[in-house]
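Participant:
Residue numbers (our numbering): 2 to 253.
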C-alpha cells in the first residue's frame with residue numbers, strides 16, 4: 002500500500018507527458034504577461050490562455066523574450082504561439098479575432114507641462130515627440146506629421162528623456178508606464194482621457210488554425226458572461242467592456 006502514492010504520481014506524470022505541448026513566446030508586458038523568479042510566468046493573458054488551452058488538453062511552455070526574438074523563434078519553428086503579434090510580420094500564421102487585451106495608449110508629458118487634458122494630437126504640433134522605432138502605433142498617431150519626431154530604440158530611454166525634459170511627449174501604455182513612473186520616480190504624468198485603445202492579437206502556427214476558432218469562442222463566452230469584466234476589474238481596476246467599446250472616459 003505504501004507504494005500506491007508513487008505509482009499514482011508516475012501515472013499523473015505520464016498523463017502530463019501525453020498532453021500536446023504549446024510553446025508560447027511573449028514580449029514582457031505586465032500586467033498581461035511577465036516573468037520573475039518568484040511568480041514565474043504570470044499575468045492576465047497568461048492566466049487566460051492557460052485556462053482555455055489547458056481545457057483543450059494542451060500543456061503550455063512559456064518563454065519570455067523581445068518581439069524580435071519571439072518572431073525569430075516563430076520563423077525557425079521553435080514556438081507555436083506568439084502573444085501580442087502583428088499580422089504583417091507573420092502573414093502565414095493564424096490569428097485570434099477576439100482580443101483578450103488592449104494597448105491603452107496614453108499621452109505622457111513632463112510633470113510641469115501646461116497641458117492638463119488630452120483633446121487632440123494638434124496639442125502637440127511643433128513639439129518633440131519620442132517615437133519608438135519598432136512600435137506599431139494607432140493610425141492617428143502613425144500618420145500625424147506636425148511634430149518633431151525623436152527616434153527611440155527603447156521606450157524606457159524615451160521615458161527617461163521625457164522626465165529629463167529632452168522631449169515633450171511620449172505615447173505609451175497607461176498601466177505599464179504608471180508602474181515604471183513610480184518605480185523609477187520619473188517626473189512625468191499622464192493626460193486624461195487616454196488617446197486610443199488598440200486591440201492585441203495572438204498568432205498561432207498554421208497547423209493549429211482550428212484551435213484559434215475554439216479559443217475565440219471561449220473568449221467570447223467569457224465576455225458575454227461577464228467573466229472578463231470581473232477579471233479586469235479585480236486585477237486592474239479597469240472596465241474591459243468600456244475598453245472594448247472604446248469608451249475612453251469610463252475605463253475606471
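Note that beta-carbon positions come from the ideal geometry of N, C-alpha and C, so glycine has one too. Quick caveat, the model's predicted, so the values are computed rather than measured.
For residue 104, which beta-bridge partners are listed by DSSP?
Facilitator: DSSP, once it has assigned bridges, lists 199 as partnering residue 104.
Participant: Got a sec: does the ligand GDP put a non-hydrogen atom nearer than 8 angstroms to the Cβ of residue 179?
Facilitator: With respect to the ligand GDP, the structure offers nothing, as it holds no ligand at all.
Participant: For a test of the three-state rule: what should DSSP assign to residue 34, helix, strand or coil?
Facilitator: In this structure, residue 34 counts as strand in the three-state DSSP scheme.
Participant: Let me confirm a value: residue 92 is counted as buried when at least 16 other C-beta atoms fall within 10 Å, else exposed. Which label applies?
Facilitator: By the neighbour-count rule (16 or more Cβ atoms within 10 Å), residue 92 is not buried but exposed.
Participant: If you follow the beta strand (DSSP E) that residue 86 is in, where does it begin and where does it stop?
Facilitator: 82-86 is the span of the beta strand (DSSP E), which, as asked, contains residue 86.
Participant: Where DSSP assigns a beta bridge to residue 42, which residues make up the other side?
Facilitator: DSSP lists 36 as partners of residue 42.
Participant: Identify, in the order they occur along the chain, each residue of the same chain with its Cβ nearer than 7 angstroms to the Cβ of residue 68, setting aside the five sequence neighbours on each side.
Facilitator: These residues qualify, in order along the chain: 28, 135.
Participant: Report buried or exposed for residue 184, applying the criterion of at least 16 other Cβ atoms within 10 angstroms of its Cβ.
Facilitator: It is exposed - the Cβ of residue 184 has fewer than 16 other Cβ atoms within 10 Å.
Participant: Could you please give the first and the last residue of the uninterrupted alpha helix (DSSP H) stretch that includes residue 159?
Facilitator: Run containing residue 159: 156-164, per the alpha helix (DSSP H) assignment.
Participant: Which runs of the beta strand (DSSP E) at least 3 residues long sit entirely within the region 105-137? Give them in chain order.
Facilitator: Runs found: 129-133.
Participant: Quick one: what's got a C-beta closer than 6 angstroms to residue 98's C-beta in the same chain, skipping five residues either side?
Facilitator: Correct list, in chain order: 217.
Participant: With DSSP as the reference, please indicate the residues paired to residue 26 in a beta bridge.
Facilitator: According to DSSP, residue 26 bridges with 64, 83.
Participant: Tell me whether residue 102 is buried or exposed, calling it buried when 16 or more other Cβ atoms sit within 10 Å of its Cβ.
Facilitator: Burial call: buried.
Participant: Hey, residue 202 and residue 45: beta-carbon distance below 9 angstroms or not?
Facilitator: Not in contact: residue 202 and residue 45 (Cβ atoms no closer than 9 angstroms).
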